[in-house]
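Following: one structure in structure tokens, then a few remarks.
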Amino acid sequence: MSDRLIIGLAGYARSGKNEAAEALVQYGWRQAAFADKLKDFLYALDPLIPGHWGAGNLRLRKLVDSAGWDYAKVTYPEVRALLQRAGTEAGRKVLGENVWVDALFREHADAPALVITDVRFPNEARAVSEQGGVLIRVERPGTGPARDRAGRVHESEVALDGWAYDHTLVNDGSVRDLHLKLYGVADLVQLSQV
Numbered sequence: 022m023s024d025r026l027i028i029g030l031a032g033y034a035r036s037g038k039n040e041a042a043e044a045l046v047q048y049g050w051r052q053a054a055f056a057d058k059l060k061d062f063l064y065a066l067d068p069l070i071p072g073h074w075g076a077g078n079l080r081l082r083k084l085v086d087s088a089g090w091d092y093a094k095v096t097y098p099e100v101r102a103l104l105q106r107a108g109t110e111a112g113r114k115v116l117g118e119n120v121w122v123d124a125l126f127r128e129h130a131d132a133p134a135l136v137i138t139d140v141r142f143p144n145e146a147r148a149v150s151e152q153g154g155v156l157i158r159v160e161r162p163g164t165g166p167a168r169d170r171a172g173r174v175h176e177s178e179v180a181l182d183g184w185a186y187d188h189t190l191v192n193d194g195s196v197r198d199l200h201l202k203l204y205g206v207a208d209l210v211q212l213s214q215v
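When we follow the working numbering, the leftmost residue of the sequence shown carries the number 22, and every step to the right adds one.
Structural data, given as structure tokens:
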């Protein structure tokens, strides 16, 4: 068993994973995502993003700098699709399925308490468990897998459907309610380390 505390959060886009993680960050946990290095990679590449509603193309870096990744993914569906293709079809399938797992655990090897906000694939879930971590699914009623403009669902949205999680948090109340639910699980994780 590891001396470090690790919680991996899974769930559909917009289910509340990042908001749940904020509950732990307030108490000194480090927040990370398997997609952090992927975002760094795409930010450095700075591809053109197709505009919409008659707008022209714009550079990813300018969009992220002015509005942030979350806004970019929601407002410009091509940004989410680009992350999915670069992360899965290019990163995982060309460089190996653990490319983002290895990058995250290497960068955060010194974190005594780590919350990972984007567990999306079986190998990521296994890596969290192998590091002594706990897997939590965050479910928000009415939220399903993100779809592209054609209505298709990318494999990264559903690869863990049916996975046996350690805990499930239903995000059906206020932000405070969600935080309190996660505090309860975090307390159990800490007690199991004693």
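Every residue, glycine too, gets a C-beta built ideally from N, C-alpha and C. Since the structure is predicted, the reported quantities are computational estimates derived from the model, not experimental observations.
Closest in alpha carbon position to A65, among D86, D24 and A185, is D86.
Assignment of R173 by DSSP, reduced to helix, strand and coil, places it in the coil class. Going by DSSP, V149 is part of the alpha helix (DSSP H) stretching over P143 to E151. By a beta-carbon distance limit of 8 Å, G37 does not contact V140. Their separation comes to about 14 Å.
The segment 152-206 is shown to contain whole alpha helix (DSSP H) runs of 4 or more residues at 176-179, in chain order.
Cβ neighbours of R35 within its own chain (closer than 6 Å, five residues either side excluded): T164. The C-alpha of R147 is placed about 10 Å away from the C-alpha of G153.
Each residue's CA atom was taken as its position, placing V46 and Q52 some 6 Å apart.
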